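Numbering follows full-length UniProt numbering, with no gaps: position 39 of the sequence shown is 39.
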Amino acid sequence: MGWKNNLEHISWAVQRIEKLLRVLQGQTAVNSKRIEAMKVLLDQQIKNQSRAADRMGDRLIEMAMVNQGGSREAASHRRTLDEKPVEEADLWQDNPETQWPPPNCDAIIMP
Numbered sequence: 001m002g003w004k005n006n007l008e009h010i011s012w013a014v015q016r017i018e019k020l021l022r023v024l025q026g027q028t029a030v031n032s033k034r035i036e037a038m039k040v041l042l043d044q045q046i047k048n049q050s051r052a053a054d055r056m057g058d059r060l061i062e063m064a065m066v067n068q069g070g071s072r073e074a075a076s077h078r079r080t081l082d083e084k085p086v087e088e089a090d091l092w093q094d095n096p097e098t099q100w101p102p103p104n105c106d107a108i109i110m111p
């Protein structure tokens, strides 16, 4: 009867191992989905940061244009960057995000 007990114990151990393996496979699948979701979020954040850096560079160019007396050129530059129709692009000054000059900006104050 000892070998029957051993077989039962082995059978129980195999079932336990199979159950744990299924749990691990499920956790691996969940973690893989999380990793993929994080990759998508990271890619989006990188794109957003890149766009923000581009916009900041454009604002610096426009500030330099205004400092050199070229406010019309700055407006034209802004209009060319907008993907909106010209009618909407003319309203760029009314947009708080793109208000020109930016509030509290001393870059255009010449000594």
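From the three backbone atoms N, C-alpha and C, an ideal C-beta is built for every residue, glycine too.
Keep in mind the model is a prediction, meaning the values are calculated, not measured.
Taking every protein chain shown into account, the CB of V66 has 16 or more other CB atoms within 10 angstroms, so this residue is buried. A52 is classed as exposed because its beta carbon has fewer than 16 other beta carbons within 10 Å across all chains shown.
DSSP, reduced to helix, strand and coil, places G69 outside both helices and strands of the structure shown, so it counts as coil. Taking C-alpha positions only, Q45 is separated from K39 by approximately 10 Å. Looking from the CA of D54, the closest CA among R78, L42, E36 belongs to R78.
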